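The block underneath contains the structure these notes are about, expressed in structure tokens.
Chains as they are written, first to last, in the numbering used here: chain A, 15 to 136; chain B, 85 to 527.
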């Protein structure tokens with residue numbers, strides 16, 4: 015890690031969040047690449063590949079359910095943690111702080127819609 | 085009074101407050117589909133080392149600000165963050181204790197506001213203020229390199245006259261000139277009852293050590309000094325890339341006090357032994373606001389950051405972000421009249437003002453700890469014992485961390501320190517410290 019890099023480094027192949035675990039933070043990728051994997055008893059499904067500037071784990075900021083998927087580093091990856099409590103306190107003061115997260119979530123729903131449409135078309 | 089398509093905004097001052105305001109005004113305007121233009125007046129060249137290109141402060145980007153900016157999509161690169169900080173060392177005449185954050189994550193950034201201290205050449209890092217100004221420019225703000233010399237009204241709209249530039253009339257005027265600028269007088273002269281906040285002088289100095297020596301002697305820790313020194317509310321040494329920054333906050337800090345601090349054996353022991361005489365490469369005595377300002381707004385004019393409302397002693401850049409955000413949200417969604425700023429912007433400012441009241445109490449308690457040797461000993465023992473505990477149980481470590489780094493609201497720190505468990509553990513340590521021989525002295 016260079017002396018001025020913020021966040022925490024995860025090695026290639028290392029899990030950053032695990033499906034089914036409790037979560038109380040969101041992550042912002044500072045450098046590197048991760049995959050989001052839905053683990054199923056029979057097979058695992060890669061849901062997305064995210065890179066620098068992307069966020070993940072944001073669902074745990076708004077709901078109290080466990081992590082919905084596993085996020086694993088595809089390369090050496092540096093991520094910054096955003097604490098749930100501090101985030102919600104700030105959103106209470108300044109709701110516009112959530113605009114960018116809502117925008118990212120909307121983009122994901124749009125992609126999901128495309129995926130659902132593609133599946134139904136088959 | 086509202087911003088509409090074609091509205092023009094002048095931001096006087098291109099430090100963090102001015103750049104954040106411009107960035108978020110343009111960002112929010114884009115989201116609601118309004119086309120506005122923003123001119124930032126900033127004569128300072130952030131690529132020039134020394135005071136000419138520096139906005140003078142300790143240069144800490146707090147944990148909470150780093151997280152909020154990342155949430156906003158503003159990730160600070162290692163070309164600007166000179167050293168990431170993940171721990172702190174608490175120094176005192178009764179011992180030293182190292183405190184790691186529970187997450188073991190680098191979430192505090194140490195930066196130079198300008199291009200580095202006087203005489204530094206070919207620095208590997210860019211100016212933090214310059215980086216934010218570039219971000220605002222990237223969003224579409226125009227940077228005008230002229231010193232503002234006159235502010236007047238032109239048929240109820242603010243008019244800005246800067247050196248070497250034609251006078252221009254705007255729909256909204258934002259003052260982000262800090263507390264060390266002569267431009268404050270120009271805003272006082274606009275006749276909307278604004279008066280610059282009451283201030284006190286602080287002391288900031290940069291010492292050259294080189295990257296290797298900093299790694300060896302200071303590491304990635306902020307070094308905080310809990311010692312009995314009159315008029316000093318806070319003393320810390322912050323490691324940067326090739327320099328360390330000494331930051332003394334308090335009341336009327338003068339040369340005598342600075343010399344006595346630097347010659348203190350506890351402080352000297354932090355530096356390499358060959359640095360017998362500590363000579364700063366660059367130093368300044370910037371002012372900080374100590375009392376709340378009254379009404380930093382009127383019709384079509386508003387002041388933010390240090391010249392408006394800021395946080396007591398800590399996280400001034402975080403307060404700039406919060407007030408900038410509040411102004412941008414008010415101007416885009418509510419309006420730009422005196423009433424709009426009173427109803428929305430001032431409400432956000434009052435959250436900071438009220439929290440500062442808790443800050444006064446927190447720093448009063450810290451001053452008691454500094455004055456009484458046996459309490460210092462108790463605090464250090466309690467903190468030291470916590471280092472083997474789970475993150476969330478390190479109550480004293482986290483209270484001190486949040487107080488010294490500005491990472492949490494003072495109100496939150498105050499309530500955590502008022503919990504029964506916290507107080508009972510502290511009282512136990514204080515009682516123990518009282519019966520240890522030689523620790524009862526008042527200093």
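Cβ atoms here follow ideal geometry from the backbone N, Cα and C, with glycine treated the same way.
No experiment lies behind these values; they were computed from the predicted model shown.
Fill in: CA-to-CA distance, residue 120(B) to residue 87(B), given in whole angstroms
8 Å
Item to complete: Within its chain, find whatever has a CB closer than 6 Å to the CB of residue 81(A); leave out the 5 residues flanking it on each side and keep chain order.
Response: 31, 33, 35, 37
Worksheet item: Beta-carbon of residue 68(A) versus every beta-carbon of chain B: anything under 8 Å?
Response: no
Worksheet item: If we count the other Cβ atoms within 10 Å of its Cβ and call it buried at 16 or more, is residue 111(B) buried or exposed?
Response: buried
Worksheet item: Can you find a C-beta in chain B that's less than 8 Å from the C-beta of residue 47(A)?
Response: no
Worksheet item: Going along chain A in order, which residues have a C-beta closer than 8 Å to the C-beta of residue 171(B)?
Response: Result: empty, since nearest Cβ-Cβ is about 13 Å, beyond 8 Å.
Worksheet item: Do the stretch 194–212 of chain B and the stretch 161–169 of chain B make contact, defined as three or more Cβ pairs closer than 8 Å?
Response: yes
Item to complete: Sort out for me which residues DSSP pairs residue 307(B) with in a bridge.
Response: 173(B), 321(B)
Practice prompt. For residue 297(B), go through chain A and note every residue whose CB falls closer than 9 Å to its CB, in chain order.
Written response: Residues of chain A passing the Cβ test: none, with the nearest at roughly 13 Å.
Worksheet item: Using a Cβ-Cβ distance under 8 Å, would residue 126(B) count as near chain A?
Response: no
Worksheet item: If residue 283(B) and residue 268(B) are in contact, beta carbons under 8 Å, what's the gap, nearest whole angstrom?
Response: In fact, because the Cβ distance is near 10 Å, the residues do not count as touching under 8 Å.
Practice prompt. Would you list, in sequence order, the uninterrupted alpha helix (DSSP H) runs of no fewer than 4 residues that lie entirely inside the stretch 379–446 of chain B?
Written response: 400–413
Item to complete: Can you give me the Cβ contacts of residue 184(B) inside the same chain, cut-off strictly under 8 Å, excluding the 5 residues immediately before and after it?
Response: 170, 171, 471
Discussion item. Please report whether the beta-carbon of residue 108(A) lies at a distance below 8 Å from any beta-carbon of chain B.
Written reply: yes
Worksheet item: Quick one: complete beta strand (DSSP E) runs, 3+ long, within the stretch 78–121 of chain A?
Response: 84–87, 91–97
Discussion item. Helix, strand or coil, according to DSSP, for residue 451(B) in the structure here?
Written reply: helix
Worksheet item: What residues in the stretch 143–173 of chain B bring their beta carbon closer than 7 Å to a beta carbon of chain A?
Response: 148, 150, 151, 152, 154, 155, 156, 157, 159, 160, 162, 165, 166, 167, 168
Worksheet item: Along the chain, where does the beta strand (DSSP E) that runs through residue 96(B) open and close?
Response: 92–96
Worksheet item: What is the DSSP secondary structure of residue 512(B), reduced to helix, strand or coil?
Response: helix
Worksheet item: Among 308(B), 297(B), 96(B), which one has its Cα closest to the Cα of residue 243(B)?
Response: 96(B)
Worksheet item: In the stretch 85–100 of chain A, which residues sit with their C-beta less than 8 Å from some C-beta in chain B, listed in chain order?
Response: 94, 95, 96, 97, 100
Worksheet item: Residue range of the beta strand (DSSP E) that residue 484(B) falls in?
Response: Element bounds for residue 484(B): not the beta strand (DSSP E) but the alpha helix (DSSP H), 479–489.
Worksheet item: For residue 42(A), which residues in chain B fall below 9 Å Cβ to Cβ?
Response: 151, 154, 155, 157, 159
Item to complete: Tell me, please, whether the CB atom of residue 59(A) is closer than 8 Å to any CB atom in chain B?
Response: no
Worksheet item: Starting from residue 300(B) and walking both ways along the alpha helix (DSSP H), at which residues does that stretch end?
Response: 295–301
Practice prompt. Tell me whether the beta-carbon of residue 497(B) lies closer than 8 Å to the beta-carbon of residue 149(B).
Written response: no
Worksheet item: In chain order, what residues of the same chain have a beta carbon less than 7 Å from the beta carbon of residue 236(B), not counting five sequence neighbours either side?
Response: 243
Worksheet item: Three-state secondary structure (DSSP) at residue 526(B)?
Response: Reliability fails at residue 526(B), whose pLDDT of 39 lies under 50, so the model's placement of it is uncertain and no value is given.
Worksheet item: Helix, strand or coil: how does DSSP classify residue 459(B) here?
Response: helix
Worksheet item: Using the beta-carbon of each residue, which ones in chain B are nearer than 7 Å to residue 81(A)?
Response: Chain B residues near residue 81(A): none, gap ~17 Å exceeds 7 Å.
Discussion item. Just to confirm the assignment, what range does the alpha helix (DSSP H) spanning residue 225(B) have?
Written reply: First-last for residue 225(B): undefined, no H or E at that position.
Practice prompt. Could you tell me whether the Cβ of residue 359(B) comes closer than 8 Å to any Cβ of chain A?
Written response: no
Item to complete: State yes or no: is the C-beta of residue 490(B) within less than 8 Å of the C-beta of residue 399(B)?
Response: yes
Discussion item. Is there a C-beta anywhere in chain B that falls below 8 Å from the one on residue 16(A)?
Written reply: yes
Worksheet item: What residues in the stretch 419–435 of chain B bring their beta carbon closer than 8 Å to a beta carbon of chain A?
Response: 432, 435
Worksheet item: Of all the beta strand (DSSP E) runs that stay within the bounds of the stretch 92–163 of chain B, which reach a length of 3 or more residues?
Response: 92–96, 121–125
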